[in-house]
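Colleague:
Residue numbers (our numbering): 4 to 125.
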């Protein structure tokens with residue numbers, strides 16, 4: 004369970020593989036399918052991986068990732084979303100951008116304008 008929850012999906016994989024980040028794993032459609040069948044579930048919803056569009060849906064709509072931090076770390080320029088699940092398991096991703104004031108007043112803005120922003124994403 005922990006390997007699935009703390010690893011990242013890879014649409015090009017079928018099984019588990021070593022993550023290129025150097026920690027944890029990636030997993031593919033076969034892992035998702037087996038987990039859902041074993042646990043009598045239809046869908047996995049997760050939320051700990053940056054998605055530039057605010058969300059991601061993979062593996063024939065069996066796995067969704069929701070990302071709710073717009074412009075992550077005041078520098079990624081990503082959208083965010085909130086997932087609504089309605090009657091009949093209908094899903095709708097409400098996508099939004101960072102508030103205008105959050106584009107300019109982040110804690111690292113002074114460092115960014117001075118050219119001294121640390122490289123968090125290598």
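All C-beta atoms, glycine included, are put in the ideal place defined by N, C-alpha and C.
Hey, could you find the ends of the alpha helix (DSSP H) residue 39 is sitting in?
Modeller: Here residue 39 corresponds to residue number 36 of the chain shown, with the count starting at 1. 32-41 is the extent of the alpha helix (DSSP H) around residue 39.
Colleague: State yes or no: is the C-beta of residue 27 within less than 7 Å of the C-beta of residue 17?
Modeller: For the purposes of this step, residue 27 is taken as the residue at position 24 of the chain shown. For the purposes of this step, residue 17 is taken as the residue at position 14 of the chain shown. Cβ distance not < 7 Å, so residue 27 and residue 17 don't count as in contact.
Colleague: At a cut of 8 Å, does the stretch 75-89 reach the stretch 34-41 through at least three beta carbon pairs?
Modeller: no
Colleague: Excluding the 5 residues preceding and the 5 following residue 54 in the sequence, name in chain order all residues of the same chain whose CB lies nearer than 6 Å to its CB.
Modeller: To locate residue 54, count along the chain shown from 1; it is residue 51. 68 and 70, listed in sequence order.
Colleague: Nearest by alpha-carbon distance to residue 51: which of 44, 72, 61 and 64 is it?
Modeller: In the chain shown, residue 51 corresponds to position 48, counting from 1. When the alpha-carbon of residue 51 is set against those of 44, 72, 61 and 64, the nearest one is in 72.
Colleague: Name the two residues that bound the continuous beta strand (DSSP E) containing residue 5.
Modeller: Mapped onto the chain shown, residue 5 falls at position 2. Premise fails: residue 5 lies in the alpha helix (DSSP H), 5-8, not in any beta strand (DSSP E).
Colleague: Spatial neighbours of residue 45 within its chain, please: C-beta separation below 7 Å, excluding the five flanking residues on both sides.
Modeller: Locating residue 45 in the chain shown gives position 42, counting from the first residue. Once the five neighbours on either side are set aside, the close Cβ partners of residue 45 are 39.
Colleague: Name the residue from 57, 14 and 33 whose alpha carbon lies nearest to the alpha carbon of residue 75.
Modeller: Residue 75 sits at position 72 when you count from the first residue of the chain shown. Nearest C-alpha to residue 75: 57.
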